[in-house]
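Engineer: The following block contains the structure, expressed as structure tokens.
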Amino acid sequence: MAAAPASLEEQIKEDLSCSICLDLFTRPKVLPCQHTFCQDCLHDYAARRAVFPCPNCRLRVRQPRNGVAGLPDNYLVTSLCEKFEQQATLSEGPRKKTLSGDKCNNFQQLEPDCNIHNECFEENHHDRNPSTNQVPQESISSVQSQFTEHGNIVASETGPVKHHQTFHQFQKVTIGGKGQEEGLFNHPVGATVSDEGEIFVADYGNQRIQVFNLQGEYVSQFPTMVPGGERMYPHDVAMDGEGNLWVVGCTNSAGFGLQCTKQGRVLTKIDLQYTEWRRRTAVAVDTRRNHVLVTQTLGAKGNLHGEVLVFKANGTHLRTVGWQEGMKVPCYITVDGEGNIFVSDWGNCSVYVYNRDGQFLFKFGEPGNDLDQLWLPRGICTDREGNIIVADSGNRLVKIFDKDGTFLTHTAASKEPWAVTIATSGQLVVTDWAKNTVSVYPH
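The opening position of the sequence shown corresponds to residue 5 in the numbering used here, with each subsequent residue numbered one higher.
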């Protein structure tokens with residue numbers, strides 16, 4: 005019973021978060037299909053289109069004459085968000101007094117800034133005695149009652165899932181489910197595969213990297229920690245040419261790029277700018293030059309611009325790529341065998357392509373739900389033939405384009421495909437943000 009309140013608190017936070025920006029709703033607007041989003045997020049998303057599809061269900065919505073500001077406000081969600089923030093703030097005080105400044109990875113899923121929450125009874129959690137944690141549950145119960153009153157359903161956590169199914173006459177392996185135990189995830193947002201076939205998954209909400217083999221069997225895990233012991237929320241992970249990992253992410257106040265061994269020992273730290281869009285940070289490695297490439301989004305909603313920072317392996321900044329071409333929100337990045345750079349731009353629903361020296365070559369993709377179009381693209385990788393594989397998150401597909409950006413086919417259907425990566429033996433690995441799963445598709 006001890007874990008239930010924490011799970012409930014996380015679920016309520018998730019239900020009150022915009023699926024576009026992943027933060028608590030601000031000025032929530034409701035569409036005719038009853039899906040709700042932040043006003044600023046819808047403004048950027050719909051742009052100047054008179055008619056746009058709902059980001060969730062694809063229902064076509066006509067903009068009012070005064071734009072998304074003219075859409076109905078969701079007063080219930082506004083009230084719930086205010087209540088949640090008030091109670092979360094009130095509940096922090098007793099925890100801080102009792103458990104002075106330790107960090108916890110279970111309280112908030114997307115924008116964590118709490119100390120140890122009131123129902124964390126793990127025996128190895130900072131060597132604290134569970135009996136010292138005696139914070140009342142009024143705060144979460146108050147918000148829960150409002151959810152119950154208005155018919156919201158709170159899902160319970162499940163155990164690890166591992167199953168096989170046939171897809172396009174091939175067999176895939178799916179692992180995961182939501183939770184904190186081994187083999188479970190709290191939003192798998194990044195993935196990479198070593199030459200030995202180890203899958204490293206950035207488990208965002210659980211602040212760790214989990215390791216599996218290509219058969220879906222759990223191998224190990226390690227916490228993502230910056231030097232000094234503070235836990236970091238990992239956004240993405242990539243392999244370098246020496247068999248080490250690069251992990252990008254943030255704490256509650258700073259962004260970092262960490263080079264670490266496969267066991268999690270930090271070798272190099274790069275300080276990154278802590279921006280409003282810090283959760284869109286991604287990483288790739290040019291193994292031919294041993295250069296580290298990190299995406300970054302600057303500006304505020306309505307005035308965003310993205311860029312790619314290029315570093316030496318020792319953390320020395322070499323150059324900045326991409327800001328001249330109008331990128332908005334670069335979500336993921338990859339480098340092919342020739343050193344060409346591919347960036348998925350979530351803001352423009354496009355893929356930008358640069359050569360090894362950062363010179364712009366071309367871009368492809370436009371907003372839409374046709375097979376050759378993209379909608380909120382996220383993960384990106386290339387295969388041995390030079391084909392470009394994109395997690396078309398908004399269209400719930402993984403699409404394959406040739407090296408010139410011409411659509412070829414789509415492969416893995418998923419509820420919300422997030423990260424994609426290719427193993428040297430040809431398997432495609434796809435993470436699903438919504439299902440909290442990782443799937444391995446045969447070559």
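Ideal placement from N, C-alpha and C gives every residue a C-beta, glycine not left out.
By a C-beta neighbour count over all protein chains shown, 10 Å radius and 16 as the cutoff for buried, is V241 buried or exposed?
Structural biologist: One-based indexing of the sequence shown puts residue 241 at position 237. Classification of V241: buried, given that the 10 Å Cβ count is 16 or more.
Engineer: From which residue to which residue does the beta strand (DSSP E) around H309 run?
Structural biologist: Residue numbering aside, residue 309 sits at position 305 when the sequence shown is read from its first letter. H309 -> beta strand (DSSP E) spans N307 to K316.
Engineer: With burial defined as no fewer than 16 other Cβ atoms inside 10 Å of the residue's Cβ, what is the status of V55: buried or exposed?
Structural biologist: Indexing the sequence shown from 1 puts residue 55 at position 51. Label assigned to V55: exposed.
Engineer: Check D199 in the structure and name its three-state DSSP category.
Structural biologist: On the sequence shown, residue 199 is found 195 positions in, with the first residue counted as 1. Three-state DSSP puts D199 in coil, outside helix and strand.
Engineer: Taking the straight line between their C-alpha atoms, what separation do you get for Q138 and C45?
Structural biologist: Taking the first residue of the sequence shown as position 1, residue 138 is located at position 134. Taking the first residue of the sequence shown as position 1, residue 45 is located at position 41. Because Q138 sits at a pLDDT of 40, beneath the cut-off of 50, its placement in the model cannot be relied upon, and the point is left open.
Engineer: Could you tell me if Y208 is buried or exposed, where buried requires 16 or more neighbouring beta carbons within 10 angstroms of its beta carbon?
Structural biologist: As a first step, residue 208 must be located in the sequence shown, where it is residue number 204. Y208 should be labelled buried.
Engineer: Output yes or no for whether 8 Å exceeds the beta carbon distance between A288 and I337.
Structural biologist: In the sequence shown, counting from the first residue as 1, residue 288 sits at position 284. In the sequence shown, counting from the first residue as 1, residue 337 sits at position 333. The answer is yes: Cβ separation under 8 Å.
Engineer: For V214, report the span of its beta strand (DSSP E) as first-last.
Structural biologist: Residue mapping note: residue 214 aligns to position 210 of the sequence shown, counting from 1. Correcting the residue type first, residue 214 is Gln in the shown sequence and not Val. Run containing Q214: R212 to N217, per the beta strand (DSSP E) assignment.
Engineer: Would you check if the distance between the CB atom of N474 and the CB atom of M331 is smaller than 8 Å?
Structural biologist: Any answer about residue 474 is impossible in this case: the structure gives the chain only from 5 up to 447.
Engineer: Is it the case that the stretch 388–405 contacts the stretch 77–91, given that we only count it when at least three CB pairs across the two stretches are under 8 Å?
Structural biologist: No, the stretch 77–91 is not in contact with the stretch 388–405.
Engineer: Taking the continuous alpha helix (DSSP H) assigned at Y222, which residues delimit it?
Structural biologist: Translated into the one-based positions of the sequence shown, residue 222 becomes position 218. Unbroken run through Y222 is the beta strand (DSSP E), Y222 to P227; no alpha helix (DSSP H).
Engineer: Using DSSP with H/G/I as helix, E/B as strand and the rest coil, what is I16?
Structural biologist: Here residue 16 corresponds to residue number 12 of the sequence shown, with the count starting at 1. In the structure shown, I16 sits in a helix (DSSP, three-state: H, G or I).
Engineer: The beta strand (DSSP E) with C385 in it runs from where to where?
Structural biologist: Your numbering for residue 385 matches position 381 in the sequence shown. P381 to T386 is the span of the beta strand (DSSP E), which, as asked, contains C385.
Engineer: Any idea what DSSP makes of R284, helix, strand or coil?
Structural biologist: One-based indexing of the sequence shown puts residue 284 at position 280. Three-state result, R284: helix.
Engineer: State the start and end residues of the unbroken beta strand (DSSP E) segment that holds Y336.
Structural biologist: In the sequence shown, counting from the first residue as 1, residue 336 sits at position 332. Unbroken beta strand (DSSP E) run through Y336: P334 to V339.
Engineer: Would you give the residue range spanned by the alpha helix (DSSP H) that L46 belongs to?
Structural biologist: Numbered from 1 along the sequence shown, position 42 holds the residue referred to as residue 46. Looking at the DSSP string, the run of the alpha helix (DSSP H) that includes L46 is Q43 to A50.
Engineer: For the beta strand (DSSP E) that contains Y445, what are its first and last residues?
Structural biologist: The sequence position of residue 445 within the sequence shown is 441, counting from 1. That run of the beta strand (DSSP E) goes T441 to Y445.
Engineer: Look at the alpha carbon of G268 and the alpha carbon of D275, and state the distance between them as a whole number of angstroms.
Structural biologist: Taking the sequence shown and counting its residues from 1, the one referred to as residue 268 is at position 264. Taking the sequence shown and counting its residues from 1, the one referred to as residue 275 is at position 271. Cα to Cα, the separation comes out at about 18 Å.
Engineer: Sort out for me which residues DSSP pairs T299 with in a bridge.
Structural biologist: By one-based count along the sequence shown, residue 299 stands at place 295. In DSSP, T299 forms a bridge with V312.
Engineer: Using a Cβ-Cβ cutoff of less than 7 Å, which residues in the same chain neighbour P231 once the five nearest sequence positions on both sides are dropped?
Structural biologist: By 1-based counting over the sequence shown, the position of residue 231 is 227. The answer, listed in chain order, is V270 and K273.
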